[in-house]
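**Q**
Numbering (the working numbering), first residue to last: 30 to 744.
1) Helix, strand or coil, according to DSSP, for residue 68 in the structure here?
2) Please name the residue, chosen from 96, 125 and 131, that lies closest to residue 114 on a Cα-to-Cα basis.
3) Am I right that residue 269 and residue 282 are in contact with their C-beta atoms under 8 Å? What's the rounded C-beta distance?
4) Distance check for residue 651 and residue 347, CA to CA, integer angstroms please.
5) Using a Cβ-Cβ cutoff of less than 8 Å, which residues in the same chain neighbour residue 678 once the five nearest sequence positions on both sides are dropped?
6) For residue 490, count the other beta carbons within 10 Å of its own beta carbon; 16 or more makes it buried, fewer makes it exposed. Which is it?
7) Relative to the C-alpha of residue 524, which residue among 576, 190, 408 and 210 is closest?
8) When the Cα atoms are used, what is the spatial distance from residue 718 to residue 607?
9) Need the endpoints of the beta strand (DSSP E) that residue 274 sits in, please.
10) What is the rounded straight-line gap between the Cα of residue 584 and the Cα of residue 571?
11) Go ahead and pull the three-state DSSP assignment for residue 300.
12) Can you check DSSP and say which residues form a bridge with residue 259?
13) At which residues does the beta strand (DSSP E) containing residue 633 begin and terminate?
14) Express the C-alpha separation of residue 222 and residue 725 in angstroms, rounding to a whole number.
15) Please say whether residue 602 and residue 614 have beta carbons closer to each other than 8 Å?
16) Quick one: what's residue 453 bridged to in DSSP?
17) Residue 170 to residue 231, Cα distance in whole Å?
18) Answer yes if the region 189-203 comes into contact with the region 133-151, meaning at least three C-beta pairs across the two stretches below 8 Å, and no otherwise.
19) So, is residue 693 buried or exposed, given that buried needs 16 or more other C-beta atoms within 10 angstroms?
20) Of the residues 311, 151, 163 and 258, which one's Cα is nearest the Cα of residue 185?
21) How is the alpha helix (DSSP H) around residue 99 delimited, first residue to last?
22) Per the contact definition of three or more C-beta pairs closer than 8 Å, is the region 338-352 in contact with the region 451-467?
23) From the DSSP output, which residues share a beta bridge with residue 605?
24) At the level of alpha carbons, what is the spacing between residue 198 and residue 192?
25) Can you grab the Cα-Cα spacing for the pair residue 256 / residue 301, in whole Å?
26) Given a cut-off of 8 Å on the beta-carbon distance, is the pair residue 417 and residue 371 in contact?
27) What three-state label does DSSP hand residue 437 in the structure shown?
28) Is residue 688 helix, strand or coil when you go by DSSP?
29) Taking the continuous beta strand (DSSP E) assigned at residue 656, which residues delimit it?
30) With respect to the alpha helix (DSSP H) encompassing residue 131, which residues constitute its N-terminal and C-terminal limits?
31) Using the rule of at least 16 other Cβ atoms within 10 Å of the residue's Cβ for burial, across every protein chain shown, is residue 549 buried or exposed?
32) Under DSSP, the alpha helix (DSSP H) around residue 572 begins and ends at which residues?
33) Using a Cβ distance threshold of 8 Å, determine whether the region 505-523 contacts the region 324-331, with at least three qualifying pairs required.
34) Express the C-alpha separation of residue 100 and residue 141 in angstroms, rounding to a whole number.
35) Would you list, in sequence order, the uninterrupted beta strand (DSSP E) runs of no fewer than 3 residues that lie entirely inside the region 297-385?
36) Just to confirm, is the Cβ distance from residue 74 to residue 155 under 8 Å?
As structure tokens, then:
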């Protein structure tokens with residue numbers, strides 16, 4: 030069975046053997062079975078009044094197990110206290126289940142609203158038939174249908190059986206924002222109590238009876254393979270039961286415990302075929318980007334003709350390194366291969382890809398592979414890959430028992446996929462007042478999708494339309510992309526190309542403001558003064574909305590008001606995943622040069638003020654958590670995150686040389702959302718891109734030194 034596209038899913042009309050809501054596939058069943066009311070794949074109401082909402086996206090700390098059910102429950106007029114959440118595994122019922130691209134809420138907002146509304150209307154019809162009264166005399170509220178004239182009520186559970194026999198309405202009214210009772214409220218996250226009590230099951234926690242544990246020794250050289258191995262010392266350990274190659278670049282050691290498997294791996298003697306990249310280093314990567322910069326780029330955006338503009342010209346280059354995802358929970362997966370079927374317990378952002386890749390690897394059909402999606406200790410895009418799931422399935426098949434593959438932190442850092450290194454060439458032609466009449470931004474970077482064999486039409490990576498669009502309505506404005514190649518394995522990392530484009534553009538805009546002798550905020554507001562629509566692929570960016578978040582962030586931060594002695598501010602804004610974000614960073618100046626290395630203390634970031642326009646906010650508390658997490662993640666990336674290469678190997682291995690932000694370094698993060706009834710847009714990633722330029726712009730204000738390459742500090 031092949032997965033259906035999201036477009037096919039949304040447009041579906043019927044499913045065999047069950048009534049259905051327009052646009053939703055349904056579980057198979059018979060219309061005579063009325064133990065539950067399941068009008069669509071997302072909702073089930075049983076006669077004992079249990080209301081279950083199925084979540085088809087993966088929970089990795091971003092709050093989808095709370096936010097998505099809130100949307101459906103709002104239109105259903107459900108009693109939130111009665112709601113139970115069920116995590117969906119890999120299934121064609123839900124279309125594309127990928128959790129990424131800040132898409133969970135924005136792509137399920139309308140479908141889940143309609144699902145709840147259709148169920149609500151069917152329950153109202155069931156009550157009207159039960160009482161022999163007009164539908165117009167009945168209303169839904171708090172998990173019950175009420176007859177206004179008589180005051181009679183029936184619970185949803187009492188109506189489930191009759192509702193299941195009714196036809197599916199094809200057109201249902203949706204609530205207006207002013208009538209929301211759940212959406213927009215600070216409801217507590219449903220997964221927090223279990224996490225606080227230590228009862229929540231993450232992938233690394235999952236256990237099966239008779240389960241073995243596996244640690245893999247993977248080739249440390251990019252693109253290298255196993256030549257030979259000697260396992261006699263590993264076999265001497267009583268707990269080790271299996272040693273064998275997995276694919277052509279790893280050797281697995283299976284034991285009765287994680288520690289036994291790791292000790293067995295340590296005792297392995299492996300010969301490696303180092304392959305073509307044995308001499309690859311960071312300097313070669315930088316050189317390849319600079320050489321590629323002379324190539325003709327693919328046009329991402331063009332307004333006017335920047336080449337014909339005349340006036341004072343400023344041109345600069347910015348660069349960013351490879352970066353690692355570094356989620357707190359390293360890679361892991363539990364698999365049980367049983368000949369004609371295989372079951373997985375995986376912390377994955379792509380359950381369908383896990384299913385399909387595992388099926389191919391072990392020689393099964395996709396419908397013979399079951400994927401159970403566990404909680405994740407962070408993802409940041411690393412779990413868009415499914416290498417750990419394939420490994421677990423292959424090892425389980427080899428040993429004939431359930432197996433958990435566990436990666437160490439060093440495995441995760443050195444055998445991962447990485448955010449691409451990139452070079453950015455920016456130039457501007459200025460008018461007499463120092464404002465740009467032309468701006469050109471060339472992005473030189475390898476393509477993640479291209480490396481993975483996906484289409485790159487016209488030489489454009491398919492992620493760029495969501496992540497590198499125009500921010501300002503400059504009359505002559507060009508954005509180009511030059512696709513390069515690299516043997517370094519690439520992966521989508523939180524905010525992907527948006528972090529890179531945002532850092533370069535918003536640092537450059539600050540440079541232009543300084544050159545013009547203008548306040549950085551007022552300079553940006555001047556560029557955004559005219560209300561304009563800027564079409565960019567399928568998104569239309571609106572200068573008024575960007576202006577709004579800039580003004581809100583500046584107001585809340587007290588921009589223009591004096592800070593205590595030694596305090597400085599920086600500002601930046603950016604748009605990605607259809608959301609608008611502006612951030613103000615407050616720092617304390619420090620002594621020493623920016624590049625003096627680890628002996629120099631980093632700039633002390635005291636406060637970050639973030640304003641966001643992401644349409645309708647489903648849950649303000651979750652919004653704040655997402656923004657705060659993105660700011661902390663972005664600060665760590667800006668300050669220290671860098672993956673370097675020597676002799677084809679990744680140098681960094683753990684949090685000592687790839688250090689996250691420590692608690693004592695974490696600033697106060699204030700979050701302000703622009704009130705809006707527009708459809709929700711992305712929020713998991715848009716707070717990341719503005720933080721690095723805002724910080725670097727604050728550092729410039731303090732030191733008069735411009736940072737054009739990340740990370741800020743050596744580690």
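C-beta: ideal position from N, C-alpha, C; glycine also.
**A** By the coordinates alone:
1) Under the three-state reduction of DSSP, residue 68 is assigned to strand.
2) It is 96.
3) 6 Å
4) 33 Å
5) Within its own chain, the residues whose Cβ lies closer than 8 Å to the Cβ of residue 678, once the five positions on either side in sequence are excluded, are 249, 250, 251 and 443, listed in chain order.
6) buried
7) Checked all of 576, 190, 408 and 210; the closest Cα to residue 524 is 408.
8) 13 Å
9) 269-275
10) Each residue's Cα considered, the two are about 20 Å apart.
11) strand
12) 298
13) Looking at the DSSP string, the run of the beta strand (DSSP E) that includes residue 633 is 633-642.
14) 39 Å
15) By the CB criterion at 8 Å, residue 614 and residue 602 fall outside the cutoff.
16) 347 and 472
17) 36 Å
18) Contact between the region 133-151 and the region 189-203 is established, with three or more Cβ pairs separated by less than 8 Å.
19) The C-beta of residue 693 has fewer than 16 other C-beta atoms within 10 Å across all chains shown, which makes the residue exposed.
20) 151
21) 93-105
22) yes
23) 608
24) 12 Å
25) 5 Å
26) no
27) coil
28) The answer is coil: DSSP assigns residue 688 none of H, G, I, E or B.
29) From DSSP, residue 656 is part of no beta strand (DSSP E) but of the alpha helix (DSSP H) over 649-669.
30) Run containing residue 131: none; DSSP gives neither H nor E here.
31) buried
32) 572-586
33) yes
34) 6 Å
35) 298-302, 327-332, 341-349, 361-366 and 371-375
36) no
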